[in-house]
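Enquirer: One structure coming up, written as structure tokens, with questions to follow.
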Amino acid sequence: LWFGGMSGITYLKHGEIVVLAKHWNVRVTDFYLHSKPVRKGMLSGRKPIIDTAVFKATDFYLSHKDNSFSIEFATTQLDSPERVTYLYAMNNTPWFQLPKGINRVSFSSLAPGTYHFRIKAKDSLLESEAAEVTIHIAHAWWGTWWAWTIYVIIILAIAGTIFVQRRHHSRIQREMERHIQAEQLNEAKLQFFIDVSHEIRTPLSLIVSPLQKLMAGDADSARQKTYRLIYRNLERLLQLMNQLLDIRKIDKGQLSLVYRQTDMVAFIADLCDTFREQAEKQHISFTFHHDGIKTLPLWIDPARFDKVILNILSNAFKFTSDGGHIDVWLATGEDAGTPGLLQQYAEITIADDGVGISPEETGHIFERFYQVQRTRNISHQGTGIGLHLTHSLVELHHGTIRVADNPDGCPGCRFIVRVPLGDAHLRGERVEAAQPPAAPPAETAPAAAAMTEPVEEKEEKVRAKTKYRVLVAEDDEELRRYICRELSADYHTLACGNGKEALELIFSKAPDAVVSDIVMPGMDGFTLCQKLKQNVNLNHLPVILLTARTKEEDKIEGLETGADAYITKPFNMEILKNTVRNLIRGREQLRNTFSGKQAQDDKLKKIDVPSSDEKLMERIMRVINANMSNPNLTVDMITREVGISRVHLNRKLKELTNQTTRDFIRNIRLKQAAELLTKKRYTISEVADLTGFTDSNNFSTAFKELYGTPPTLYMKQHQDRPSAD
Numbered sequence: 020l021w022f023g024g025m026s027g028i029t030y031l032k033h034g035e036i037v038v039l040a041k042h043w044n045v046r047v048t049d050f051y052l053h054s055k056p057v058r059k060g061m062l063s064g065r066k067p068i069i070d071t072a073v074f075k076a077t078d079f080y081l082s083h084k085d086n087s088f089s090i091e092f093a094t095t096q097l098d099s100p101e102r103v104t105y106l107y108a109m110n111n112t113p114w115f116q117l118p119k120g121i122n123r124v125s126f127s128s129l130a131p132g133t134y135h136f137r138i139k140a141k142d143s144l145l146e147s148e149a150a151e152v153t154i155h156i157a158h159a160w161w162g163t164w165w166a167w168t169i170y171v172i173i174i175l176a177i178a179g180t181i182f183v184q185r186r187h188h189s190r191i192q193r194e195m196e197r198h199i200q201a202e203q204l205n206e207a208k209l210q211f212f213i214d215v216s217h218e219i220r221t222p223l224s225l226i227v228s229p230l231q232k233l234m235a236g237d238a239d240s241a242r243q244k245t246y247r248l249i250y251r252n253l254e255r256l257l258q259l260m261n262q263l264l265d266i267r268k269i270d271k272g273q274l275s276l277v278y279r280q281t282d283m284v285a286f287i288a289d290l291c292d293t294f295r296e297q298a299e300k301q302h303i304s305f306t307f308h309h310d311g312i313k314t315l316p317l318w319i320d321p322a323r324f325d326k327v328i329l330n331i332l333s334n335a336f337k338f339t340s341d342g343g344h345i346d347v348w349l350a351t352g353e354d355a356g357t358p359g360l361l362q363q364y365a366e367i368t369i370a371d372d373g374v375g376i377s378p379e380e381t382g383h384i385f386e387r388f389y390q391v392q393r394t395r396n397i398s399h400q401g402t403g404i405g406l407h408l409t410h411s412l413v414e415l416h417h418g419t420i421r422v423a424d425n426p427d428g429c430p431g432c433r434f435i436v437r438v439p440l441g442d443a444h445l446r447g448e449r450v451e452a453a454q455p456p457a458a459p460p461a462e463t464a465p466a467a468a469a470m471t472e473p474v475e476e477k478e479e480k481v482r483a484k485t486k487y488r489v490l491v492a493e494d495d496e497e498l499r500r501y502i503c504r505e506l507s508a509d510y511h512t513l514a515c516g517n518g519k520e521a522l523e524l525i526f527s528k529a530p531d532a533v534v535s536d537i538v539m540p541g542m543d544g545f546t547l548c549q550k551l552k553q554n555v556n557l558n559h560l561p562v563i564l565l566t567a568r569t570k571e572e573d574k575i576e577g578l579e580t581g582a583d584a585y586i587t588k589p590f591n592m593e594i595l596k597n598t599v600r601n602l603i604r605g606r607e608q609l610r611n612t613f614s615g616k617q618a619q620d621d622k623l624k625k626i627d628v629p630s631s632d633e634k635l636m637e638r639i640m641r642v643i644n645a646n647m648s649n650p651n652l653t654v655d656m657i658t659r660e661v662g663i664s665r666v667h668l669n670r671k672l673k674e675l676t677n678q679t680t681r682d683f684i685r686n687i688r689l690k691q692a693a694e695l696l697t698k699k700r701y702t703i704s705e706v707a708d709l710t711g712f713t714d715s716n717n718f719s720t721a722f723k724e725l726y727g728t729p730p731t732l733y734m735k736q737h738q739d740r741p742s743a744d
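Throughout, the working numbering is defined as the position within the sequence shown, counted from one, plus 19.
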């Protein structure tokens, strides 16, 4: 652009015109709350808004009530203010431009929270940097985080309470339904048993009378044993039916007691005498304690109260192992704090050191048909009505009965019966004058007779027709003796009461067949069968499981353990005899086949052409024999030396020996160790080293597992045996 003038020509050239830059600075100059300027120390709610001058403050703190305010701002340069416009933004909103000359902005009714207010100045050419202040508007106390936490807790508590109440109500309803169903089921069971008992009593009577006639007129000792066995078990049936009938009478209120003054010392002593022979048989220490009491008159119904003592003593003898202790105490006591009739009482305590009763089951022990969990898998499984009847009879005598653990942490438990002294509580009851002791009534005679029947019967030795031996493992003594007696005509029989004893007898006596019950103390039949089938020296023995467990899953489990036959009780003796005969005959035929006796292979001149399997076994045995004392002999070493894969080696050994490679190596070493032990030239530790065992304890454990006896005893047993054996 060119301009003429008095002093010459003036021109303006684009690119040569330089604009002098001007830097604007903006800041908040004032803060108004309800049209009042805010100053240092001014409060909003109970807290100060700022702690410095407004133009220096970066944070403003307001209560939820002070949510309307104004902010005033300006530049620090005072020249040309008419050129400046202001832009502001709240939080992340876009910039909003104020009209020229306006340097104040107002906000009202903001929600609680944190706001970031930004402001900047702008003219036609320049824009300042943004200045920022933060406004904190507090929540009302009912909107704070801790208030919401309380709300959530209250809501959850209400919801939880409603849920628990509904669940509790539902559980109570289910328990009531189960209780009603259980009562109905028990009633149905009991009614069924009562009906059956009434029906059975007639045929039982027709059996007992002819049986007694046979016992009196037949002098044959063998048949007398069978008669006594039948008679004892008939009495057990009669005793069970009498108990069922008594329970039914009690439920219907038809059992009325006739009280008589009875000397409890003589009464209990007579009942204890019925168990003396059984205590001697089981080597149980059985003592009746009545220190300082020579006579104790007590009003009871002798025909009913004896069942209380007999039932408790019977349970004590069932669940006390041989060599245990059973004690009966008779004492008197006073308890003024006890309301009712038992302020003066006679106390009968029967304690044993048997299996005991867990604390959670003591509250159910007197329920009808209830059986203690830990005793359901042993041979003395009952019906669950004996203690229920005992509890009912004690209550009819106005007494109490409870069960407790033995003191001082001793094993077993004790039953404590308390009956009131005197006859003041018998008003309105049937009372008879004292009479001399009489014989037990007809109802209880079977129980006493069963107790007094001789436990030991003198067995007549029968010469077996064969050389074979059969082991019978059965914890019920009468059934065990009966099976042995029936099998003794054909076989030599061995008898034991549990699986642990059976395993020891098998190792020492080497029977030709095993007949085993499943449910036995110590070691059950399943475990015994499993141990036999897993032992390379014993897995050829036929095992017959003889049990009352008739469910299909039990049969499947028994056969899966390797049992050769599964016979359920009650069983036909001829079936058992034929099963034993067939299994022994089958094993003998297999033995003849593999030994070549059937075709007289030992006399046949054979063409010796080793098969590929024999060559493989020779190479395997060559490696094992060469490394017999090498503890580092492994499956991988054999595979490298023989030249086959690990999978192929395991498969071949399983086919040829029915053993895994590790078990095959271990058993070869143990057989070599047994041979060295019979020579009696080396110590146990030396034999272990020679056969590749680094630890003598591991060697002894493995040796006992295979041969059933520790190395020391094995060496002693073979002192006189030639090493060629």
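Each residue gets a CB set at the ideal place from its N, CA and C atoms; glycine is no exception. These numbers were taken from a predicted model, which means no experiment stands behind them.
Could you tell me whether any Cβ in chain C is nearer than 9 Å to the Cβ of V152?
Expert: The displayed structure is made up of one protein chain only, and chain C is not part of it.
Enquirer: Kindly indicate which residue of P439, T153 and T710 has the alpha-carbon position closest to the one of P316.
Expert: That would be P439, whose Cα lies nearest to the Cα of P316.
Enquirer: Which partner residues of V124 appear in the DSSP bridge assignment?
Expert: Paired residues: I90.
Enquirer: Where does S535 fall in DSSP's three states?
Expert: DSSP places S535 in strand when its eight states are reduced to three.
Enquirer: Do L129 and I156 have their CB atoms nearer than 9 Å?
Expert: Closer than 9 Å, so yes.
Enquirer: Does the pairing of the segment 717–728 with the segment 664–674 give three or more beta-carbon distances under 8 Å?
Expert: Verdict: no, contact absent.
Enquirer: Looking at the secondary structure, which residues open and close the beta strand (DSSP E) in which Q362 lies?
Expert: Looking at the DSSP string, Q362 is not in any beta strand (DSSP E), and its letter there is neither H nor E.
Enquirer: Quick test of the definition: if touching needs 3 or more C-beta pairs under 8 Å, does the segment 505–524 touch the segment 487–495?
Expert: Yes, since at least three Cβ pairs between the segment 505–524 and the segment 487–495 fall closer than 8 Å, the two stretches touch.
Enquirer: On the three-state DSSP scale, how would you describe L560?
Expert: The answer is coil: DSSP assigns L560 none of H, G, I, E or B.
Enquirer: DSSP state of W21, grouped into three classes?
Expert: Strand at W21.
Enquirer: Distance, Cα to Cα, E265 vs L290?
Expert: Looking at the sequence shown, residue 265 is not Glu but Asp. Roughly 20 Å between the two C-alpha positions.
Enquirer: Figure out for me which residue from T351, D371, F526 and R421 has the closest Cα to the Cα of T381.
Expert: For the residues T351, D371, F526 and R421, the minimum Cα distance to T381 belongs to R421.
Enquirer: So what does DSSP say about H416, is it helix, strand or coil?
Expert: Coil.
Enquirer: Kindly indicate which three-state DSSP category I154 falls into: helix, strand or coil?
Expert: In the structure shown, I154 sits in a strand (DSSP, three-state: E or B).
Enquirer: Can you tell me whether G34 sits near the ligand MN, meaning its C-beta is under 8 Å from at least one heavy atom of the ligand?
Expert: Absence of the ligand MN from the depicted structure is noted, as is the absence of any ligand whatsoever, leaving it without description.
Enquirer: What residues are listed by DSSP as bridge partners for T680?
Expert: Note: T680 sits in no beta bridge, so no partner.
Enquirer: I'd like the list of long-range same chain contacts for F722, defined as Cβ closer than 6 Å, with 5 residues on each side in sequence excluded.
Expert: Excluding residues within five positions, the ones whose Cβ falls inside 6 Å are L689 and P730.
Enquirer: From what residue to what residue does the beta strand (DSSP E) around P316 run?
Expert: That run of the beta strand (DSSP E) goes P316 to I319.
Enquirer: Just the Cα atoms here: how many angstroms apart are P473 and S333?
Expert: Only weak support is given to the placement of P473: the predicted model assigns it a pLDDT of 40, under 50, and the question is left unresolved by the model.
Enquirer: Sorted by chain position, which residues of the same chain lie with C-beta nearer than 6 Å to I269's C-beta, five sequence neighbours on each side aside?
Expert: The residues are S411.
Enquirer: Mapping DSSP to helix, strand and coil, what is R65?
Expert: R65 falls in the coil class under three-state DSSP.
Enquirer: By a C-beta neighbour count over all protein chains shown, 10 Å radius and 16 as the cutoff for buried, is R186 buried or exposed?
Expert: Flag for R186 reads exposed.
Enquirer: For the alpha helix (DSSP H) containing C548, list its first residue and its last residue.
Expert: Unbroken alpha helix (DSSP H) run through C548: G544 to Q553.
Enquirer: Using C-beta distances below 6 Å, list every residue in its chain close to A582, excluding the 5 sequence neighbours before and after it, in chain order.
Expert: Same-chain partners within the cutoff: C548, V562 and L564.
Enquirer: Closest by CA to K326, which one among H344, F286, Y364 and F305?
Expert: Of the listed residues, the one whose Cα sits closest to K326 is F286.
Enquirer: Where does W318 land, buried or exposed, given buried means 16+ other C-beta within 10 angstroms?
Expert: Label assigned to W318: buried.
Enquirer: Taking contact to mean at least 3 C-beta pairs separated by less than 8 Å, is the segment 50–57 in contact with the segment 77–87?
Expert: Yes, they touch.
Enquirer: Taking the DSSP output, what are the residues bridged to R279?
Expert: DSSP, once it has assigned bridges, lists I319 and E451 as partnering R279.
Enquirer: Would you mind working out which of K699, D714 and M636 sits nearest I684, comparing C-alpha positions?
Expert: Minimum Cα distance to I684 is reached at M636.
Enquirer: Would Y170 be called buried (16 or more neighbouring beta carbons within 10 Å of its own) or exposed?
Expert: Exposed, by the Cβ-count rule.
Enquirer: To which residues of the same chain is F385 closer than 7 Å at the C-beta, ignoring the five residues directly before and after it?
Expert: If we look at F385 and ignore the five residues flanking it on each side, its Cβ neighbours are L406, H407 and H410.
Enquirer: For I312, does the three-state DSSP call read helix, strand or coil?
Expert: In the structure shown, I312 sits in coil (DSSP, three-state: anything other than H, G, I, E or B).
Enquirer: Mapping DSSP to helix, strand and coil, what is F286?
Expert: The answer is helix: DSSP assigns F286 an H, G or I state.
Enquirer: Who are the Cβ neighbours of N649 in its own chain at under 8 Å, not counting the five residues just before and after it?
Expert: Around N649: G711.
Enquirer: For A521, does the three-state DSSP call read helix, strand or coil?
Expert: Looking at A521 - three-state DSSP - the assignment turns out to be helix.
Enquirer: As a quick exercise: from E379, P378 and F294, pick the residue whose alpha carbon is nearest that of I345.
Expert: The shortest Cα separation from I345 among E379, P378 and F294 belongs to F294.
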